[in-house]
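Engineer: One structure follows; several queries about it will come next.
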Ligand SMILES: Cc1ncc(COP(=O)(O)O)c(C=O)c1O
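Residue numbers (the working numbering): 66 to 498.
Shown next, in the form of C-alpha cells:
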C-alpha cells in the first residue's frame, strides 16, 4: 500500500470531513497534499496542483512564505502560548496597534479570537451588550442582507441566510430580519428595503451586519460600493452599529486593504480572520470604535462577557504582524493590481464559452456561473474534477466557479490557472476533448 493510499484509508476510516456527506467521503476523489509552496499544493510524488480556492479563501500571500516560516520559528522559540487574562505580550499588543494603523478610521480597539465565525459572534455580542448596558436595551435585534454568510456557529448562522448551510438549524437560531433577495442581480431594491426596515424600527436595531462588496458563500455575489456607502449613512442616521464582516474580503482580497475602502466607509465593528494570519494559523480579530469600547467601562458586571483560551495567541499574533509587514515591505496591494487586471480579463473572456454566464471579478476574486442552480448545481463539480486532472484544485460553490489565488501569484502561474479553468470548463460544457 503506498503511503497516499494508506492516508486515504485512514482518512476514510476515521475522519469527518467538513460539508461532506459520509457517502461522498467514501467515494469522491481526495488529493493527498504533502507540502505547499506559493500557489501550489504538492503531492508526495511531486505533482503540483494550483490552489485556486486559496485553501478556503485564506491563502492571500502564498503557501510557505519564507518570512512567515521564519516568524513562526522565531516566536516559537520565545513563547507559543500565554493567557491574555491579566497578562499581555509583545505580539498581541504590537499587533493591536498595527491593526488599528491599517484599519478604517475610528476602529481603535482589537478583540482577538481564533476563527471568522467567532470574530462575528464577538461582534454580535459586543453590539448587543453595548446597547443593553448603555440605556437602550430595546435595541436588541439585527438586520442583515439576504444570502449573507457569516460562519457556522449558532450566532453567525443566525446572521447568515445561505439556506443550504443554515436552513436545517433555523429552529435553533435567533431572528434576524432581512429584505427579500435580489431579482435579476438588482441590488438597489434590496438595499432600499433594508433601509426601510431600518427606518421602521431604528430604535430596536442593535446593528446591521453585511459582507462588504462581495457575498462569498452565497456565490461570490458582488454589489456596488454606492449601496454600501448609503448603508453607512442610513446606519448613522438611525444611530445603530454597522458590522462589516471582512473575514473573506479583508487583507486586500478585493483590491484595497478592506472591502469597506471601496465605498470609503468605516464600520463600527469589523471582523477579520483568514488572510489576517496569511492563512497559516487560526487567528481572528474583531475591531471596534472607542465609543463602543467606552460603553464597557465601569465595574466588572459591565465587562464584555466573552473570551477564548487562545485569545491573542502569540504564534498567531506574530504571524499576523509579519503578514502586515510583508504587505508594507512588498507593497502587496499595489503589486496585485496588474494581476487583478489579468484575472479580470481572463474571467471576462470566459463568456465566449457557451453556457458560461455572469463573469465578474473584484480585485483577486473572480467567478462565473455554469448553470442556474447555484449551490445545488453539479456542473461546477464536474469542472472541478477535470481541473484537478489538469492541475488546479477548484472548490466550486455548486454551479458558481470561482478563483481566489494568492495576491502575489506569479503571472505565469495565473496564466496557467486561467488556461486550466478555461479548458476544464470547455471540456465539461462543450464536451471538447
Ligand atoms: C464572510 C465570512 N464570514 C465568516 C466566515 C467564517 O470563518 P471561519 O470559517 O474561519 O469560521 C467566513 C468563512 O468562509 C466568511 O466567508
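Beta carbons are placed, not taken as given, at the ideal position from N, Cα and C, and that holds for glycine.
DSSP on residue 198, reduced to helix/strand/coil?
Structural biologist: Walking along the chain shown from the start, residue 198 turns up at place 133. If DSSP states are grouped into helix, strand and coil, residue 198 belongs with coil.
Engineer: Runs of 3 residues minimum, wholly inside the region 232-309: which ones carry the beta strand (DSSP E) assignment?
Structural biologist: Those beta strand (DSSP E) runs which fall completely within the region 232-309 and span 3+ residues are 270-275.
Engineer: Here's the rule: buried if 16 or more other CB atoms are within 10 angstroms of the residue's CB, otherwise exposed. What is residue 234?
Structural biologist: Residue 234 sits at position 169 when you count from the first residue of the chain shown. Exposed, by the Cβ-count rule.
Engineer: The alpha helix (DSSP H) that contains residue 312, what's its start and end?
Structural biologist: Taking the chain shown and counting its residues from 1, the one referred to as residue 312 is at position 247. Unbroken run through residue 312: none, as it is neither H nor E.
Engineer: Out of 491, 481, 489 and 284, which has the shortest C-alpha to C-alpha gap to residue 115?
Structural biologist: The count along the chain shown starts at 1 and reaches residue 115 at position 50. Nearest of 491, 481, 489 and 284 to residue 115, Cα basis: 481.
Engineer: Across the region 440-453 and the region 68-76, are there enough close Cβ pairs to call them in contact, namely three or more that are closer than 8 Å?
Structural biologist: The region 440-453 vs the region 68-76: no contact.
Engineer: Closest to residue 475 by CA distance: which of 329, 104 and 83 is it?
Structural biologist: Along the chain shown, one-based indexing puts residue 475 at 410. Closest by alpha carbon: 104.
Engineer: Taking DSSP as the reference, what is the three-state secondary structure of residue 116?
Structural biologist: Numbered from its first residue, the chain shown carries residue 116 at position 51. In the structure shown, residue 116 sits in a strand (DSSP, three-state: E or B).
Engineer: What I want to know is whether the C-beta of residue 392 ends up closer than 8 Å to one or more non-hydrogen atoms of ligand 1.
Structural biologist: Walking along the chain shown from the start, residue 392 turns up at place 327. Not under cutoff, so the answer is no.
Engineer: List the DSSP bridge partners of residue 105.
Structural biologist: Here residue 105 corresponds to residue number 40 of the chain shown, with the count starting at 1. 102 and 115.
Engineer: Which of the three DSSP states, helix, strand or coil, is assigned to residue 214?
Structural biologist: By 1-based counting over the chain shown, the position of residue 214 is 149. Correct three-state label for residue 214: coil.
Engineer: Report the three-state DSSP secondary structure of residue 204 (helix, strand or coil).
Structural biologist: Counted from its first residue, the chain shown places residue 204 at position 139. Note: residue 204 maps to coil in three-state DSSP.
Engineer: Where does residue 385 fall in DSSP's three states?
Structural biologist: The residue given as residue 385 occupies position 320 in the chain shown. In the structure shown, residue 385 sits in a helix (DSSP, three-state: H, G or I).
Engineer: Closer than 8 Å to a non-hydrogen atom of ligand 1 - does that hold for the CB of residue 430?
Structural biologist: Taking the first residue of the chain shown as position 1, residue 430 is located at position 365. No, ligand 1 has no heavy atom inside 8 Å of this Cβ.
Engineer: Quick check on residue 131: buried or exposed, where buried means 16 or more other Cβ atoms within 10 Å of its Cβ?
Structural biologist: Mapped onto the chain shown, residue 131 falls at position 66. With fewer than 16 Cβ atoms within 10 Å of its Cβ, residue 131 is classed as exposed.
Engineer: Within the same chain, show all residues whose beta-carbon is closer than 6 Å to that of residue 329, passing over the 5 residues directly before and after it, in chain order.
Structural biologist: Within the chain shown, numbered from 1, the residue matching residue 329 stands at position 264. Result list for residue 329: empty, nothing under 6 Å.
Engineer: Is it buried or exposed for residue 366, if we count other Cβ within 10 angstroms and need 16 for buried?
Structural biologist: One-based indexing of the chain shown puts residue 366 at position 301. Residue 366 should be labelled exposed.
Engineer: Taking Cβ to Cβ, would you say residue 344 is nearer than 9 Å to residue 119?
Structural biologist: The sequence position of residue 344 within the chain shown is 279, counting from 1. The sequence position of residue 119 within the chain shown is 54, counting from 1. Going by C-beta atoms, residue 344 is nearer than 9 Å to residue 119.
Engineer: Indicate, with yes or no, if ligand 1 has a heavy atom lying under 8 Å from the CB of residue 230.
Structural biologist: Your numbering for residue 230 matches position 165 in the chain shown. No, since every heavy atom of ligand 1 falls outside the 8 Å radius drawn around the Cβ of residue 230.
Engineer: If you follow the beta strand (DSSP E) that residue 165 is part of, which residue opens it and which one closes it?
Structural biologist: Within the chain shown, numbered from 1, the residue matching residue 165 stands at position 100. That residue, residue 165, is in no beta strand (DSSP E); its alpha helix (DSSP H) goes 155-167.
Engineer: Closer than 8 Å is the cut-off here; do at least three beta carbon pairs connect the region 229-244 with the region 205-213?
Structural biologist: At 8 Å Cβ cutoff, the stretches touch.
Engineer: State whether the region 139-150 contacts the region 366-378, with contact taken as three or more CB pairs (one from each stretch) at a distance under 8 Å.
Structural biologist: Yes: at least three Cβ pairs fall under 8 Å.
Engineer: Starting from the C-beta of residue 160, find all residues in its chain whose C-beta is less than 6 Å away, skip the five residues before and the five after it, and write them out in chain order.
Structural biologist: Sequence index remark: in the chain shown, residue 160 carries index 95 (1-based). Within the same chain, residue 160 has close Cβ partners 382, 385 and 386.
Engineer: Decide yes or no for the touch test of the region 262-274 against the region 195-208: beta carbon pairs closer than 8 Å, at least 3 of them.
Structural biologist: With a cut-off of 8 Å, the region 195-208 and the region 262-274 count as touching, because enough Cβ pairs lie within range.
Engineer: So the alpha helix (DSSP H) residue 358 belongs to, where does it begin and stop?
Structural biologist: As a working mapping, residue 358 is identified with position 293 in the chain shown. Residue 358 -> alpha helix (DSSP H) spans 355-359.
Engineer: List the endpoints of the continuous alpha helix (DSSP H) containing residue 434.
Structural biologist: For the purposes of this step, residue 434 is identified with residue 369 of the chain shown, where counting begins at 1. Unbroken run through residue 434 is the beta strand (DSSP E), 430-434; no alpha helix (DSSP H).
Engineer: With a cut-off of 8 Å on the beta carbons, I'd call residue 369 and residue 197 a contact; round off their distance for me.
Structural biologist: Mapped onto the chain shown, residue 369 falls at position 304. Mapped onto the chain shown, residue 197 falls at position 132. At roughly 11 Å, the Cβ-Cβ gap does not stay under 8 Å, so residue 369 and residue 197 are not in contact.
Engineer: Report buried or exposed for residue 416, applying the criterion of at least 16 other Cβ atoms within 10 angstroms of its Cβ.
Structural biologist: In the chain shown, the residue the question calls residue 416 occupies position 351. It counts as exposed.
Engineer: Take residue 171 as the anchor and find which of 444, 331 and 470 has the nearest alpha-carbon.
Structural biologist: As a working note, residue 171 is residue 106 in the chain shown. Ranking the options by Cα distance to residue 171, first place goes to 331.
Engineer: Going by beta carbon distance, what residues of the same chain come within less than 7 Å of residue 452, once the five residues before and after it are set aside?
Structural biologist: Locating residue 452 in the chain shown gives position 387, counting from the first residue. Around residue 452: 459, 485, 486 and 489.
Engineer: Exposed or buried, what is residue 280 when buried is set at 16 or more other beta-carbons lying within 10 Å of its beta-carbon?
Structural biologist: Stepping through the chain shown from its first residue, residue 280 is reached at position 215. Looking at its Cβ environment, which holds 16 or more other Cβ atoms inside 10 Å, residue 280 is buried.
Engineer: What are the boundary residues of the beta strand (DSSP E) that residue 337 is part of?
Structural biologist: Position 272 of the chain shown, counted from the start, is the residue given in the question as residue 337. Unbroken beta strand (DSSP E) run through residue 337: 334-337.
Engineer: Give me the DSSP bridge partner(s) of residue 468.
Structural biologist: As a first step, residue 468 must be located in the chain shown, where it is residue number 403. In the DSSP output, where bridge partners are listed per residue, residue 468 has 431.
Engineer: Cβ atoms of residue 436 and residue 472: under 9 Å apart, would you say?
Structural biologist: Position 407 of the chain shown, counting from 1, holds the residue named residue 472. Position 371 of the chain shown, counting from 1, holds the residue named residue 436. Taking 9 Å as the Cβ cut-off, residue 472 and residue 436 do not qualify as a contacting pair.
Engineer: Who are residue 462's beta bridge partners in DSSP?
Structural biologist: Start at 1 with the first residue of the chain shown, and residue 462 comes out as number 397. Its beta-bridge partners are 465.
Engineer: Buried or exposed for residue 301, going by 16 or more other Cβ atoms inside 10 Å?
Structural biologist: Position 236 of the chain shown, counted from the start, is the residue given in the question as residue 301. Burial call: exposed.
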